[in-house]
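*Asks:*
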Ligand code: AMP
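Residue numbers (our numbering): 12 to 278.
1) Between residue 74 and the ligand AMP, is there a pair consisting of the residue's CB and a ligand heavy atom that are separated by less than 7 Å?
2) Check each residue's C-beta against every heavy atom of the ligand AMP and list, in chain order, those closer than 5 Å.
3) Considering only C-alpha positions, which residue in the set 166, 276, 189 and 273 is nearest to residue 177?
4) Comparing alpha-carbon positions, which option in 57, 47 and 265 lies nearest residue 71?
5) Give the range of the alpha helix (DSSP H) segment to which residue 124 is assigned.
6) Provide the residue span of the beta strand (DSSP E) that contains residue 53, from first to last.
7) Between residue 202 and residue 222, what straight-line distance do the alpha-carbon atoms span, to the nearest angstrom?
8) Taking the continuous beta strand (DSSP E) assigned at residue 243, which residues delimit it?
9) Could you check the C-alpha separation between residue 229 and residue 138 for me, to the nearest Å?
10) Go ahead and pull the three-state DSSP assignment for residue 107.
11) Which ranges would you report for the alpha helix (DSSP H) in the stretch 170-240 if only whole runs of at least 4 residues count?
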C-alpha cells in the first residue's frame with residue numbers, strides 16, 4: 012500500500028526509497044544532463060520542505076527523507092517488519108533519534124536510490140557525524156561524489172514566529188502558513204482536503220526547545236561539512252523564491268569550483 016505521501020508524489024514517486032526494494036520508482040522522463048547529489052540541512056520552520064520542492068522541480072533531483080521512510084514503514088503490517096525496523100519505529104514513536112547503525116543499515120539497503128541517475132537530495136540524513144562518516148564510506152565505495160550540503164540558516168526567533176503560523180494537514184502532513192502560504196480554503200488542505208491543525212510542538216515554548224536542540228545537534232555536522240568545503244550556508248529569511256535563487260547561485264559557484272579543482276588535480 013502506498014501512503015498518500017507517495018501517491019501525491021506523482022511523477023516523483025519515491026516509493027523505492029520509502030519501501031526498500033519492494034517499492035516502485037517512476038522516472039519522470041529524460042534523465043537530467045547532470046545529476047545533483049546534495050544534503051539539505053534546515054531547522055524546523057526554516058522552509059526546508061518548500062526549498063526541497065523547488066530544488067526537485069528545477070534540478071530533477073529526488074528528495075530522500077529518512078523521516079518519510081520511517082513514517083511510511085509504519086503503514087507496512089508489523090509482521091513484515093524486520094527486528095531493525097521494529098526497533099527503529101519504537102525510537103521514533105518516543106520522539107528520539109533512531110540509533111546510527113539502524114539508520115545507516117536502512118539507508119544502505121537503498122543503494123539503488125543513492126546510485127539513481129536523477130541524483131538525490133537527502134533530508135534528515137545524516138543527523139550525526141557518525142552517520143555522515145558512514146554516508147561518506149558508502150559514497151566513496153560507489154564512487155559517487157557529493158556536490159553540496161545546503162544549510163538553511165534562520166535566526167531562532169524568526170523560526171519560532173514561522174512555526175507559530177504553520178498549519179499541518181492531519182492526513183497527508185503537507186504544511187501551510189497562515190500568512191506566507193495560506194491554504195485556498197481556510198483550515199483545509201489544498202492537496203488532499205484533510206483538516207489542518209497547529210502542531211503542539213510548533214507552539215512557541217516547545218518550538219524554542221526544539222530549535223535549540225536542533226542547533227546543538229546539527230552544529231558538529233555543520234563544521235564537519237564546512238571543513239570538507241561542501242557547506243553552502245544560505246540565509247533563509249525572506250521570500251522562498253529569493254532563498255531559492257540564492258541557493259542556485261551558491262550551488263553553481265560550488266560546481267564550478269569543484270570542476271576547477273578536479274581539472275587541477277589532473278595536470
Ligand atoms: P524527521 O521527519 O526528519 O523529523 O524525522 C522524524 C523521526 O524519524 C525523528 O524524530 C527520528 O526518530 C527518526 N529519524 C529520521 N531520520 C533520522 C536519522 N537520520 N537519524 C536518527 N533518527 C532519524
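For every residue, glycine included, the Cβ atom is placed at its ideal position computed from N, Cα and C. Treat the numbers as computed from the prediction; the structure is a model and nothing was measured.
*Replies:* With the structure as the only source:
1) Counted from its first residue, the chain shown places residue 74 at position 63. For the ligand AMP, no non-hydrogen atom lies closer than 7 Å to the CB of residue 74.
2) Residues with a Cβ closer than 5 Å to any heavy atom of the ligand AMP, in chain order: 77, 78, 81, 103, 108, 109, 114, 135, 136 and 138.
3) Working through the chain shown from its first residue, we reach residue 177 at position 166. Residue 177 has its Cα closest to that of 189, out of 166, 276, 189 and 273.
4) Counting from 1 along the chain shown, the entry for residue 71 is found at position 60. Nearest C-alpha to residue 71: 47.
5) Translated into the one-based positions of the chain shown, residue 124 becomes position 113. It spans 122-126 - the alpha helix (DSSP H) in which residue 124 sits, taken as one unbroken run.
6) Numbered from 1 along the chain shown, position 42 holds the residue referred to as residue 53. Looking at the DSSP string, the run of the beta strand (DSSP E) that includes residue 53 is 47-53.
7) Within the chain shown, the letter at position 191 stands for residue 202. Within the chain shown, the letter at position 211 stands for residue 222. The alpha-carbon atoms of residue 202 and residue 222 are separated by roughly 28 Å.
8) As a working mapping, residue 243 is identified with position 232 in the chain shown. Counting along the chain, the beta strand (DSSP E) containing residue 243 begins and ends at 242-246.
9) Translated into positions along the chain shown, residue 229 becomes position 218. Translated into positions along the chain shown, residue 138 becomes position 127. Their backbone Cα atoms lie some 7 Å apart in a straight line.
10) Reading the chain shown from its first residue, position 96 is the one you call residue 107. In this structure, residue 107 counts as coil in the three-state DSSP scheme.
11) Within the stretch 170-240, complete alpha helix (DSSP H) segments of at least 4 residues are found at 215-238, given in chain order.
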